[in-house]
Each structure stands twice: as structure tokens, then as C-alpha cells.
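Report on one structure; see the data block that follows.
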Amino acid sequence: MSARPRRRAGATPVAVAVAIAVAAGAGAAVTGCGAASDGGGPGSGLVFDPCAPLSLLLDPAAPAPRAGAVATGAALWNDRAFTRLAVDSSGAANLTGGAQVVLSFQRAAVASHGLYDPAIATIFLNVDLDGDAHALAVTVAHEVGHALGLPHVAPSRRPSVMNPGNLRVEPTSEDAAALEALWGPCSPPAPPEGTPP
Ligand SMILES: [Zn+2]
């Protein structure tokens, strides 16, 4: 893969609106992360600039443990790579026009954890993960990694949040470096106005 840094525009509001509409009616089952169409990296569909704000849209009715695990999954990337992921469960985020990825919890017909569908900017997650907060957080981080353009990393190469089927490995410094190789480094968040030096 080319290591040339490059910038890619995030999804337009129009594209996101269409994606949400499609996702809402899709009723898709989780079909497994690791299919040929999964994890192809930039060029395989909607991918998002990790340095720009990105909302993860969660159903306002999501149970608290699920919401907490999703927030943890976002924080894993934010803490590691200065990404600007935020969980939005207001139910109104699709009106704001910012870059968004929909989180859709599904009952899977086969054993699988999650899937990022770049055609509709939607992360599908298996409801079976609800019983394991850390596994759910790691799976969210893995699928967000796909949404940010990261492909799978073979476990034989190195431990990575992007190992196929990973339920344990949080984003590593090498994962952050892989993101930086794609997009360039993200700046640390600026201190709030009025913060004493
Ligand atoms: Zn994957």
C-alpha cells in the first residue's frame, strides 16, 4: 500500500442523508467482518478523515451499557490518535449535516461481530456483544477503523485493533501510525478558551 499522505474529503451531507435513508430501510443482517468487500481501505466506499469531527449515531433508546461501550470504543481512538469521534444519541443528529456514521445493532444469523458498510456509512454490530462491554468497545473501534480507511492486519504481522475478528486488541500506536500514513497526523485538541497557561 502506498504510504503517501493524502487528504480525502468527508461525506457530503447529501450523501449522508441518502445513506441514513438506505440504512433505515435496509434491515440488513450482520454478515461478518472479513468479506471481500470489507476493509478495502480508501477507495472502497465512504471513508472519513480521522482528523475531522465524526459523529457515531446511536439509537436514543440504546441501553446504558451499550451506549457506554460505544463511547469507550470512540475514546480508544480519540485517546490514541487525536481523532474527533463523538457518540450522538440525540436522535436529531441526522439534521445537522456533519460527517456521520450510523451504528445499527442487529441479530446476526451467523457468528460475527460487526461490519462497516462503506456504501451506506453504517456500522452493523451484533447484539450478542452486549454481554461483553470490552469486546463491544473493541469491535466499535475496529469498525470505525474501517470507516477511517484502515484495512485488516493479519495477526501474524502484529497485534492490531484491525486484526480480523478482533475482540481484545485496542488501537495500538502502530494502528495510529497506519492512520497517520493514510491521512497525515491529527493535531491534539486545543485547550479551551481561557485556560490558564
Ligand atoms: Zn474488519
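Its first residue numbered 172, the sequence shown is counted upward by one per residue in our numbering. A virtual CB, placed ideally from N, CA and C, is assigned to each residue, including glycine. A quick note: this is a predicted structure, and the numbers were derived from the prediction, not measured.
Over the uninterrupted beta strand (DSSP E) stretch that includes residue 347, give me the two end residues. Counting along the chain, residue 347 falls outside any beta strand (DSSP E), though it belongs to the alpha helix (DSSP H) covering 344 to 354.
Could you please give the first and the last residue of the uninterrupted alpha helix (DSSP H) stretch that includes residue 315? Taken as a continuous stretch (DSSP letters only), the alpha helix (DSSP H) holding residue 315 covers 304 to 318.
Anyone know if the C-beta pair for residue 349 and residue 321 falls short of 7 Å? yes
Going by DSSP, what residue range makes up the alpha helix (DSSP H) through residue 247? Taken as a continuous stretch (DSSP letters only), the alpha helix (DSSP H) holding residue 247 covers 235 to 252.
Same chain, Cβ closer than 6 Å to residue 276, neighbours up to 5 away in sequence not counted: 296 and 298
Return helix, strand or coil for residue 301, following the three-state DSSP convention. helix
Residue 273 and residue 225 look like a contact to me (Cβ under 8 Å); what is the Cβ gap, rounded to whole Å? Contact flag wrong, Cβ pair sits at about 12 Å.
Thinking just about the alpha-carbon of each residue, which of 223, 251, 235 and 279 is nearest to the one in residue 343? Measuring from the Cα of residue 343, the nearest candidate turns out to be 251.
I'd like the span of the beta strand (DSSP E) that includes residue 220, first residue to last. Run containing residue 220: none; DSSP gives neither H nor E here.
Whole-Å CB distance - residue 289 paired with residue 216, under 8 Å assumed: Sure, about 2 Å apart at Cβ, within 8 Å.
Could you give the DSSP three-state label for residue 211: helix, strand or coil? For residue 211, the pLDDT reaches just 44, beneath the cut-off of 50, and the residue's location in the model is therefore unreliable, although a value from the coordinates is still provided. Coil at residue 211, not helix or strand.
Have a look at residue 234 and residue 353 and give me their C-alpha separation to the nearest angstrom. Roughly 35 Å separates the two Cα atoms.
Looking only at C-alpha atoms, which of 286, 237, 227 and 355 sits nearest to residue 313? Closest by alpha carbon: 286.
Spatial neighbours of residue 269 within its chain, please: CB distance less than 7 Å, with the 5 preceding and 5 following residues excluded, ordered by chain position. 224 and 226
Find the nearest neighbour of residue 302 within the set 248, 239 and 345, judged by alpha-carbon distance. 239
Can you tell me which of the three DSSP states residue 255 falls into? strand
Which same chain residues, not among the five before or five after residue 347, have their C-beta less than 8 Å away from its C-beta? 251 and 252
Terminal residues of the continuous beta strand (DSSP E) containing residue 321? Looking at the DSSP string, residue 321 is not in any beta strand (DSSP E), and its letter there is neither H nor E.
Beta bridge counterpart(s) of residue 272 as assigned by DSSP: 227
Ends of the beta strand (DSSP E) at residue 286? 285 to 288
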